[in-house]
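S.K.:
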Amino acid sequence: MCAHYKGTNADGNRAAKLAREREAQKKEFDRLKKSIEDENKGGLKAMDKSFTTHSTAVEDRFKASTVGLVTAEDFKKKRRLAEMAIANEKRIRERAMAKIRKKRKKERKRALSSLSFATEGEEGEDEEEEAPVRPVGPKKKKKTKKCPFVDTSFLPDKDREDEEIRLREELKREWKTNQERMKKDKIEVTYSYWDGSGHRRVITVPKGLTILKFLERCRRELTDEFHELRGVSSENLMYIKEDVIIPHTYTFYDLIVSKARGKSGPLFHFDVHDDVRLVQDTRVEKDESHAGKIITRAYYERNKHIFPVNRWEPYDPNKKYEKYTIR
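Under UniProt numbering, the first residue of the sequence shown carries the number 1, and numbering increases by one thereafter.
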């Protein structure tokens, strides 16, 4: 191996040293193995000898006990006892030898395994030294432990952030469920079909109904009495409440929740005798409030320069009316 090694003198000396150490370990391994085998053989021979001596002693005692004249029955009895003693000694010897073999086998395996691991460790070191140097990758960042006595609530925490996101989503779903339930609640809306004079009616609708669908329902109720509405679609009808024109896309729920106001008072604050700036119950539209007007777009175009049509203007949720003038 060393004859074909190409490298510096130091590397060659190190390789030769490792080869000598490996050879010495192999010799030590063979010596220890032979020593264990010799001990096993010697122990078993000694045990056999001791048991043989003991068995001979039993036989000698039998011969001594039968010296002289004895009856045939006594001779057979003593012979049977001697044979039983010899058989018993034989069983004891076999059990003891089996235990010794088992113990020696375990010791031999333990010694061999320790030597084999030592040899493999040396070979592994040689392979690591002979293998080319590989670039070392970035070490994994160890997780730092936090002091339990320091407030760390301001630090980023993935588990806490995930829990907050989960709670926000749960509250969002709960809020949406409540909104949908509230939109299904019924309210009474008093309206007046306006063609120059008022024709008051009352209709019950859900809060989530849009103004466009509300106008369609009112049109169906009015067509029996006002035949001119049969050829008019709900898109060509307008809803005026508190002197403002409510867009078709709004719902009653939107106006109630936002506490919408018109020029002459809150759009759904129904007791006009109180301060219109106070929050009141918006679930029921009462007769004494200003009834919303339903008109055709054609009527509006013809009369938009005359009172009271000239006071009406589109609803602007951002506009505030500080002074209310009711005529």
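Glycine included, every Cβ here is placed at the ideal spot set by N, Cα and C.
On a predicted model such as this, the values are computed, not experimentally measured, just so you know.
Determine the direct distance from the alpha carbon of ILE245 to that of ASN318, and round the result to whole angstroms.
M.R.: Rounded to whole angstroms, ASN318 to ILE245 spans 14 Å at the Cα level.
S.K.: Checking the sheet assignment: what are the DSSP bridge partners for MET97?
M.R.: Partner(s): none; MET97 has no beta bridge.
S.K.: Taking Cβ positions, are LYS213 and LYS183 nearer each other than 9 Å?
M.R.: Not closer than 9 Å, so no.
S.K.: Could you tell me which of ARG168, ARG79, ASP30 and ARG201 sits nearest to residue 329, measuring between CA atoms?
M.R.: The structure shown does not extend to residue 329, since the chain spans only 1 to 327, so no value can be given for it.
S.K.: DSSP three-state call for LEU267: helix, strand or coil?
M.R.: Here LEU267 sits in coil by DSSP.
S.K.: Could you tell me if PRO241 is buried or exposed, where buried requires 16 or more neighbouring beta carbons within 10 angstroms of its beta carbon?
M.R.: Before going on, a small fix: residue 241 reads as Lys here, not Pro. Burial call: buried.
S.K.: Given that a residue counts as buried once 16 or more other Cβ atoms are within 10 Å of its Cβ, and exposed if not, what is ILE306?
M.R.: Answer is exposed; the Cβ neighbour count stays below 16.
S.K.: Relative to the C-alpha of THR249, which residue among LYS33, GLY262, PRO314 and LYS34 is closest?
M.R.: Per the Cα distances, PRO314.
S.K.: Residues in its own chain within less than 8 Å of SER192 by CB, not counting five upstream and five downstream?
M.R.: Cβ neighbours of SER192 beyond the five flanking positions: GLY198, HIS199, ARG200, ARG201, ALA291, GLY292, LYS293 and ILE294.
S.K.: Quick one: what's got a C-beta closer than 6 Å to ARG108's C-beta in the same chain, skipping five residues either side?
M.R.: Once the five neighbours on either side are set aside, the close Cβ partners of ARG108 are ILE36.
S.K.: According to DSSP, is LEU278 part of a helix, a strand, or is it coil?
M.R.: Confidence is the limiting factor: at LEU278 the pLDDT is only 43, short of 50, which leaves the residue's position unreliable, though a coordinate-based value still follows. Coil.
S.K.: Which residues in the same chain have their Cβ closer than 8 Å to the Cβ of PRO247, if we skip the five residues on either side of it in sequence?
M.R.: Once the five neighbours on either side are set aside, the close Cβ partners of PRO247 are ILE211, PRO314 and TYR315.
S.K.: Roughly how many whole angstroms lie between the Cα atoms of ASP254 and ILE203?
M.R.: Straight-line Cα distance between these residues: approximately 18 Å.
S.K.: Within 10 angstroms of the Cβ of MET84, are there 16 or more other Cβ atoms? Answer buried if so, exposed if not.
M.R.: Exposed.
S.K.: Do THR296 and LEU229 come within 9 Å of each other at the CB atom, strictly closer than that value?
M.R.: Cβ atoms of LEU229 and THR296: closer than 9 Å.
S.K.: Buried or exposed: where does THR8 fall if 16 or more other Cβ atoms within 10 Å of its Cβ makes it buried?
M.R.: The residue in question, THR8, is exposed, as its Cβ has fewer than 16 Cβ neighbours within 10 Å.
S.K.: Consult DSSP for THR249 and reduce its assignment to one of helix, strand or coil.
M.R.: THR249: coil per DSSP, three-state reduction.
S.K.: Since LEU267 and LEU237 should fall inside the 8 Å C-beta cutoff, what is the C-beta to C-beta distance between them, to a whole number of angstroms?
M.R.: That pair is no contact at about 18 Å.
S.K.: In three-state terms, what does DSSP make of THR8?
M.R.: Coil.
S.K.: Under the rule that 16 or more other beta-carbon atoms within 10 Å means buried, what is PHE75, buried or exposed?
M.R.: The residue is exposed, with fewer than 16 neighbouring Cβ atoms inside 10 Å.
S.K.: Tell me which same chain residues have a C-beta within less than 8 Å of the C-beta of THR251, skipping the five on either side of it?
M.R.: Taken in chain order, the residues that qualify are LYS183, LYS207, GLY208, LEU209, THR210 and ILE211.
S.K.: CA-CA distance, ALA298 and LYS320?
M.R.: Cα-Cα distance, rounded: 29 Å.
S.K.: If you compare alpha carbons, which of ALA260, TYR239 and ARG261 is closest to VAL309?
M.R.: Among ALA260, TYR239 and ARG261, the Cα nearest to that of VAL309 is on TYR239.
S.K.: Starting from TYR299, trace the alpha helix (DSSP H) in both directions and tell me its first and last residue.
M.R.: Counting along the chain, the alpha helix (DSSP H) containing TYR299 begins and ends at 297 to 303.
S.K.: Rounding to the nearest angstrom, what Cα-Cα distance links LYS90 and ARG110 in this structure?
M.R.: When rounded, the distance between both Cα atoms is 30 Å.
S.K.: To the nearest angstrom, report how far apart LYS304 and ARG311 are at their CA atoms.
M.R.: Each residue's Cα considered, the two are about 8 Å apart.
S.K.: On the three-state DSSP scale, how would you describe SER192?
M.R.: Three-state result, SER192: strand.
S.K.: So what does DSSP say about HIS199, is it helix, strand or coil?
M.R.: DSSP places HIS199 in strand when its eight states are reduced to three.
S.K.: By the three-class DSSP mapping on this structure, what secondary structure does LEU155 have?
M.R.: LEU155 falls in the coil class under three-state DSSP.
S.K.: Just the C-alpha distance for LYS105 and GLU21, rounded to the nearest angstrom, thanks.
M.R.: Those two C-alpha atoms are separated by around 28 Å.
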